[in-house]
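J.: Before we start, here is the structure in question, set down as structure tokens.
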Amino acid sequence: MTAVEGTVISTAMPTIVGELHGITLMSWVFSIYMLFTAITTPIYGKLADVLGRKPAMMTGLLIFLLGSIMSGLSDSMSVLIFWRAVQGIGAGGIMPVAFTILADIYPPEKRATMMGLNSTAWGVASMIGPLIGGYLVEVLSWHWVFFINVPIGILTMLILLVYLHDQVERRKVVIDYWGILWMTGLMTTMLLALEMVSQQQWLWMLGFAVATGLLIWLFIRRERHFVEPLIDLEMFKSLDFTNANLLAALATGFITAYNIYMPTWVQALTGMQPSVAGFVVTPSSIVWMIGAVLAGRIMAKYDAQRLFEWSLLLGLGYAILLATLPVNTTFNFFLLTGFIFGLSMGATITGTTVVAQQSVDQRQLGMATSVNTLGRSLSQTLTTTIYGVILNVSMIFALKAYPQIKFTELNQLINPATAGKLPAAHLPILRQIMLTGLHNIFWAGAIFLAFALILNRRAKHKLRF
Numbered sequence: 004m005t006a007v008e009g010t011v012i013s014t015a016m017p018t019i020v021g022e023l024h025g026i027t028l029m030s031w032v033f034s035i036y037m038l039f040t041a042i043t044t045p046i047y048g049k050l051a052d053v054l055g056r057k058p059a060m061m062t063g064l065l066i067f068l069l070g071s072i073m074s075g076l077s078d079s080m081s082v083l084i085f086w087r088a089v090q091g092i093g094a095g096g097i098m099p100v101a102f103t104i105l106a107d108i109y110p111p112e113k114r115a116t117m118m119g120l121n122s123t124a125w126g127v128a129s130m131i132g133p134l135i136g137g138y139l140v141e142v143l144s145w146h147w148v149f150f151i152n153v154p155i156g157i158l159t160m161l162i163l164l165v166y167l168h169d170q171v172e173r174r175k176v177v178i179d180y181w182g183i184l185w186m187t188g189l190m191t192t193m194l195l196a197l198e199m200v201s202q203q204q205w206l207w208m209l210g211f212a213v214a215t216g217l218l219i220w221l222f223i224r225r226e227r228h229f230v231e232p233l234i235d236l237e238m239f240k241s242l243d244f245t246n247a248n249l250l251a252a253l254a255t256g257f258i259t260a261y262n263i264y265m266p267t268w269v270q271a272l273t274g275m276q277p278s279v280a281g282f283v284v285t286p287s288s289i290v291w292m293i294g295a296v297l298a299g300r301i302m303a304k305y306d307a308q309r310l311f312e313w314s315l316l317l318g319l320g321y322a323i324l325l326a327t328l329p330v331n332t333t334f335n336f337f338l339l340t341g342f343i344f345g346l347s348m349g350a351t352i353t354g355t356t357v358v359a360q361q362s363v364d365q366r367q368l369g370m371a372t373s374v375n376t377l378g379r380s381l382s383q384t385l386t387t388t389i390y391g392v393i394l395n396v397s398m399i400f401a402l403k404a405y406p407q408i409k410f411t412e413l414n415q416l417i418n419p420a421t422a423g424k425l426p427a428a429h430l431p432i433l434r435q436i437m438l439t440g441l442h443n444i445f446w447a448g449a450i451f452l453a454f455a456l457i458l459n460r461r462a463k464h465k466l467r468f
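Using the working numbering, you'd call the opening residue of the sequence shown number 4 and step up by one each time.
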């Protein structure tokens, strides 16, 4: 369900931006969702360990459906962003608990393969999501892309009620309220500090950065002394666990750039309609499953470090390629090369998840999985904001050389339905400005993968099955 939601929203986003005139707030539609997903992920992980997987998953699904319905009823960017936050609160309990359930059912040597098969959901979503999203946008309106979650969510809840039987020994729930408060605060101030950079409000940026540092200190202090911490910091004494989560977070930085800005690239620069543009990520999503299956086999024959060496290097090469492509790159080229992304990132993310799970005690499995998901969600949140800043700053600086071009024209360019109304003489300039911003985004993604490669070379994990 979250897979379909992601591909549908990405396809519809240019139309939403065009209608609500919010290109400067575009990244917040994704960032706010990811922020609250990140905040609630460890909470659901803790609940899954002490109450059971089913109650945690059902709670997340109910909140997610409420957010979906209200997002569909939004009539402004600010209202949409608010209800996307509610969606994120629910989403925090879906993916991590699902992976915890897989870890309960399958032994380590089969887990990577099953996660690969589970990843076929993303492949299917990448095929039907853009088609559904594009159809709803063109025939009805973008509001309907959120309502698609409702029947899928209801079906998922019925399946859970009938077929999922918890095997978790329930314990007394002790909620770490202060831990939740400090973590919420530090993530929020981190995002605001980045947003102030895009607005060139340096004093506010410094203030939010200092607040973030203080809240991190308060959170760590709380978790070290609380009897039932939201995140058990003792897990990070394992080098395998720590390195796996850092690699996952860095790789997710590039994944975020690809998933959000590839549909934007083909719509703004090639003029593809939303119903077609979303298919640009389809090959990568399908091949993701193959990468996940290969991850299990490579770790079984060699070790995790060897797996990450080739997967990250392959991903880095593709990121550099995207950062140097010309403005006339065709849609078919992206389709043909998308398998590189899916193979490399599918292997990386699956491998890091399995390593993180195998590095902790069984009683901490839900928490460990949620921390791994939290790292990726936090990376998505931060890098989405970073990419939004990069795009906005790149466009602002580029526009200074063209006083005849207005910033509002970039809002029109990103939506194929309104791009045709722009002056013909402005189109090449606008596309080059947009290309510069997109190039800078993918260079940033390449830097994240380069850091991941360096970290992996210095790591000591040799996990094998």
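Ideal Cβ positions, reconstructed from N, Cα and C, are used throughout, including at glycine.
Label P266 either buried or exposed according to how many other C-beta atoms from any shown protein chain fall within 10 Å of its C-beta, with 16 as the threshold for buried.
T.: Residue numbering aside, residue 266 sits at position 263 when the sequence shown is read from its first letter. Buried, since its Cβ has 16 or more Cβ neighbours within 10 Å.
J.: Taking the alpha-carbon positions, what's the F239 to K304 distance?
T.: Within the sequence shown, residue 239 is the residue found at index 236, counting from 1. Within the sequence shown, residue 304 is the residue found at index 301, counting from 1. So the alpha carbons of these two residues sit roughly 26 Å apart.
J.: Can you give, in chain order, each stretch of the alpha helix (DSSP H) that sits fully within the region 195-271 and has at least 4 residues?
T.: The qualifying runs are 205-228.
J.: Ordered along the chain, which non-local residues of its own chain (more than five positions away) have a Cβ less than 6 Å from that of G349?
T.: Along the sequence shown, read from residue 1 onward, the residue named residue 349 stands at position 346. Same-chain partners within the cutoff: W291, G294, A295.
J.: Tell me the DSSP secondary structure of I432 in three-state form.
T.: As a working mapping, residue 432 is identified with position 429 in the sequence shown. If DSSP states are grouped into helix, strand and coil, I432 belongs with the helices.
J.: Is it buried or exposed, G423, if we count other Cβ atoms within 10 angstroms and call 16 or more buried?
T.: Reading the sequence shown from its first residue, position 420 is the one you call residue 423. When all chains shown are included, G423 counts as exposed.
J.: Nearest-angstrom Cα distance between N262 and V284?
T.: Residue mapping note: residue 262 aligns to position 259 of the sequence shown, counting from 1. Residue mapping note: residue 284 aligns to position 281 of the sequence shown, counting from 1. Taking the straight line joining both Cα atoms gives about 7 Å.
J.: Whole beta strand (DSSP E) runs in the region 288-330 with 3 or more residues, listed along the chain?
T.: Within the region 288-330, no complete beta strand (DSSP E) run reaches 3 residues.
J.: In three-state terms, what does DSSP make of H168?
T.: Counted from its first residue, the sequence shown places residue 168 at position 165. In the structure shown, H168 sits in coil (DSSP, three-state: anything other than H, G, I, E or B).
J.: Distance, Cα to Cα, L315 vs R300?
T.: In the sequence shown, the residue the question calls residue 315 occupies position 312. In the sequence shown, the residue the question calls residue 300 occupies position 297. Distance between the alpha carbons of L315 and R300 is about 17 Å.
J.: Closer than 7 Å by C-beta to I219: which residues in its own chain qualify, once you throw out the five before and the five after it? Chain order, please.
T.: As a first step, residue 219 is located in the sequence shown; it is residue number 216 there, counting from the start. The residues are L189.
J.: Here's the rule: buried if 16 or more other CB atoms are within 10 angstroms of the residue's CB, otherwise exposed. What is I108?
T.: For the purposes of this step, residue 108 is identified with residue 105 of the sequence shown, where counting begins at 1. It is exposed - the Cβ of I108 has fewer than 16 other Cβ atoms within 10 Å.
J.: Can you tell me whether DSSP reads A359 as helix, strand or coil?
T.: To locate residue 359, count along the sequence shown from 1; it is residue 356. Here A359 sits in helix by DSSP.
J.: For V482, is the classification buried or exposed, using 16 other Cβ atoms within 10 angstroms of its Cβ as the cut-off for buried?
T.: Lying outside 4 to 468, the shown extent of the chain, residue 482 is not represented and no answer is given.
J.: Inspect the beta-carbon positions of S373 and N443 and report whether they are closer than 7 Å.
T.: Position 370 of the sequence shown holds residue 373. Position 440 of the sequence shown holds residue 443. It is not a contact, given that the beta carbons lie outside the stated cut-off.
J.: Let me confirm a value: R467 is counted as buried when at least 16 other C-beta atoms fall within 10 Å, else exposed. Which label applies?
T.: As a first step, residue 467 must be located in the sequence shown, where it is residue number 464. Residue confidence for R467 is low, a pLDDT of 47 falling below 50, so the modelled location carries little weight; the figure read from the coordinates is stated next. Exposed: under 16 other Cβ atoms inside 10 Å.
J.: Excluding the five sequence neighbours on either side, which residues of its own chain have a C-beta within less than 6 Å of the C-beta of T245, listed in chain order?
T.: Numbered from its first residue, the sequence shown carries residue 245 at position 242. If we look at T245 and ignore the five residues flanking it on each side, its Cβ neighbours are F239.
J.: Leaving out the 5 sequence neighbours to the left and right, which residues in its chain are closer than 6 Å to L221 when beta-carbon positions are compared?
T.: In the sequence shown, the residue the question calls residue 221 occupies position 218. Same-chain partners within the cutoff: W185.
J.: Keeping to the same chain, check which residues put their C-beta closer than 8 Å to that of L253; ignore five residues upstream and five downstream.
T.: Here residue 253 refers to the residue found at position 250 of the sequence shown. Here the set comprises S382, F451, L452, F454, A455, L458.
J.: Which residues in the same chain have their Cβ closer than 8 Å to the Cβ of L233, if we skip the five residues on either side of it in sequence?
T.: If you number the sequence shown from 1, residue 233 lands on position 230. Closer than 8 Å at the Cβ level, and outside the excluded window around L233, lie P45, I46, K49, D179, G182, I183, M186, E226.
J.: Sorted by chain position, which residues of the same chain lie with C-beta nearer than 6 Å to I436's C-beta, five sequence neighbours on each side aside?
T.: For the purposes of this step, residue 436 is taken as the residue at position 433 of the sequence shown. Cβ within range, chain order: M398, A401.
J.: Using only the alpha-carbon positions, how far apart do D52 and P426 sit?
T.: For the purposes of this step, residue 52 is taken as residue 49 along the sequence shown, with counting starting at 1. For the purposes of this step, residue 426 is taken as residue 423 along the sequence shown, with counting starting at 1. Spanning the two alpha carbons is a distance of roughly 59 Å.
J.: Rounded to a whole number of angstroms, what is the C-alpha to C-alpha distance between T384 and I223?
T.: Indexing the sequence shown from 1 puts residue 384 at position 381. Indexing the sequence shown from 1 puts residue 223 at position 220. Going from the Cα of T384 to the Cα of I223 covers about 21 Å.
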